[in-house]
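Enquirer:
Numbering (the working numbering), first residue to last: 136 to 433.
1) Report the start-end ranges of each beta strand (DSSP E) in the region 239-281 that is 3 residues or longer and not cut off at the edges.
2) For residue 308, is the classification buried or exposed, using 16 other Cβ atoms within 10 angstroms of its Cβ as the cut-off for buried?
3) Between the C-alpha atoms of residue 211 and residue 242, what's the straight-line distance to the nearest angstrom?
4) What residue does the alpha helix (DSSP H) around residue 402 start on, and which one ends it?
5) In the DSSP assignment, what are the bridge partners of residue 366?
6) Kindly confirm or deny that the region 284-302 and the region 311-323 touch, where touching means at least three C-beta pairs closer than 8 Å.
7) How is the alpha helix (DSSP H) around residue 159 delimited, first residue to last?
8) Does DSSP classify residue 379 as helix, strand or coil?
9) Answer yes or no: does any C-beta atom of chain C fall closer than 8 Å to that of residue 236?
10) Could you name the residues of the same chain whose beta carbon sits closer than 8 Å to that of residue 310, not counting the 5 residues immediately before and after it, in chain order?
11) Pairs of beta-carbons, one from the region 284-303 and one from the region 372-388, closer than 8 Å: are there three or more?
12) Could you check the C-alpha separation between residue 407 and residue 336 for me, to the nearest Å?
13) From residue 413 to residue 389, what distance separates their C-alpha atoms?
14) Shortest alpha-carbon distance to residue 165 belongs to which of 351, 150, 183, 149?
15) Using only the alpha-carbon positions, how far apart do residue 255 and residue 358 sit?
16) Using 8 Å for Cβ pairs, my map puts residue 290 next to residue 261. What's the rounded Cβ distance?
17) Which residues mark the beginning and the end of the beta strand (DSSP E) in which residue 285 is found?
18) Round the Cβ separation of residue 257 and residue 237 to the nearest angstrom and send it over; I've been treating them as touching at under 8 Å.
19) Any idea which residues DSSP pairs residue 144 with across the strands?
20) Taking the alpha-carbon of residue 347 as reference, which of 324, 355, 372, 272 has the nearest alpha-carbon?
21) Beta-carbon separation of residue 350 and residue 328 under 8 Å?
22) Name the residue from 326, 189, 234 whose alpha carbon lies nearest to the alpha carbon of residue 271.
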């Protein structure tokens, strides 16, 4: 008897900087979400698709749950809460040294109807001794009747297949929602902009990255077939502009070089990337600017 096709939606939630985007990329086997060791790297809810012969899993990578300090922060938190209204399973991601706190309590309060469909992911186990995570497992087990508790290292792939196996147990019988060769619903311009922002996050000092947004101005092939991309990097202060550009343009060149290499991997062709830096004071609190950058209040 032929096995019925299974499909479902899965939210990946947790505090900022616990490795949600790294886990997403490991699950689908492709780089979908940008990664950084700085909190609040993910700003929008990102959809990634994993399709196999008998199932399709649609992952929603959400911004890290935090106390918002700007309109952008409010939008990011609303992205998390909206994701919980449309899922069949939830991956709650925590770190081995992370104690249960108000953020986890709020997340679990929003998941009361899904308690038997939550998988607790203890990520970054490669950074601790194995016996060091046992007390944490016991503490969380007393709080919620999780479907499963899985120690994982998303960076090196340990435990990732176990996560897929447990998720499949929670997937209902359903259709193939997306074409089998589709891995994300992100527009190409959005992906390119996020790659540029990722490199800025990786290279810039602590204060600057959270005030950085990227706008793709043009993206089209020239007469020789070379893809030409022009992008604006926006920051909030003139002093930040100088940091992003760097001495004699050195920092901007590094950002561009690193971004170009990743973008070329996606498109499989050489590209020409031109970057400009512009100042938009306090854009994170401007409803007009947030809408212009593609952020929408739920």
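In this text, a Cβ means the ideal position worked out from N, Cα and C, and glycines have one as well.
Expert: Here's the rundown:
1) List check, beta strand (DSSP E) in window: 253-257.
2) Along the chain shown, one-based indexing puts residue 308 at 173. Residue environment analysis places residue 308 among the exposed positions, since fewer than 16 neighbouring C-beta atoms fall within 10 angstroms of its C-beta.
3) Counted from its first residue, the chain shown places residue 211 at position 76. Counted from its first residue, the chain shown places residue 242 at position 107. Because the pLDDT at residue 211 is just 47, under 50, the model does not fix this residue reliably, and the point stays unresolved.
4) Numbered from 1 along the chain shown, position 267 holds the residue referred to as residue 402. Residues 385-402.
5) Locating residue 366 in the chain shown gives position 231, where the first residue counts as 1. According to DSSP, which records beta bridges pairwise, residue 366 is partnered with 351, 410.
6) Contact annotation: the region 284-302 does not touch the region 311-323, with fewer than three C-beta pairs closer than 8 Å.
7) Start at 1 with the first residue of the chain shown, and residue 159 comes out as number 24. Per DSSP, the continuous alpha helix (DSSP H) segment holding residue 159 begins and ends at 155-163.
8) Translated into positions along the chain shown, residue 379 becomes position 244. Three-state DSSP puts residue 379 in a helix.
9) Considering every chain present, this structure includes no chain C. It has just one protein chain.
10) Looking up residue 310 in the chain shown gives position 175. Exclusion of the five residues before and after residue 310 leaves 140, 142 as the residues of its chain whose Cβ lies within less than 8 Å of its Cβ.
11) No, the region 284-303 is not in contact with the region 372-388.
12) Numbered from its first residue, the chain shown carries residue 407 at position 272. Numbered from its first residue, the chain shown carries residue 336 at position 201. Distance between the alpha carbons of residue 407 and residue 336: 21 Å.
13) Locating residue 413 in the chain shown gives position 278, counting from the first residue. Locating residue 389 in the chain shown gives position 254, counting from the first residue. So the alpha carbons of these two residues sit roughly 17 Å apart.
14) What you label residue 165 is simply residue 30 of the chain shown in a count that begins at 1. Cα-wise, what sits closest to residue 165 is 183.
15) Within the chain shown, residue 255 is the residue found at index 120, counting from 1. Within the chain shown, residue 358 is the residue found at index 223, counting from 1. Taking the Cα positions, residue 255 is about 52 Å away from residue 358.
16) Along the chain shown, one-based indexing puts residue 290 at 155. Along the chain shown, one-based indexing puts residue 261 at 126. Contact between residue 290 and residue 261 holds: CB atoms are separated by about 6 Å, below the 8 Å threshold.
17) Position 150 of the chain shown, counted from the first residue, corresponds to residue 285. First-last of the beta strand (DSSP E) with residue 285: 283-286.
18) Here residue 257 refers to the residue found at position 122 when the chain shown is read from its first residue. Here residue 237 refers to the residue found at position 102 when the chain shown is read from its first residue. Not confirmed; about 19 Å, so no contact.
19) As a working mapping, residue 144 is identified with position 9 in the chain shown. Note: residue 144 sits in a beta bridge opposite 193.
20) By 1-based counting over the chain shown, the position of residue 347 is 212. Here the closest residue by C-alpha is 372.
21) In the chain shown, residue 350 corresponds to position 215, counting from 1. In the chain shown, residue 328 corresponds to position 193, counting from 1. Closer than 8 Å, so yes.
22) As a position in the chain shown, residue 271 is number 136, starting the count at 1. Check the Cα spacing between residue 271 and each of 326, 189, 234: the tightest is with 234.
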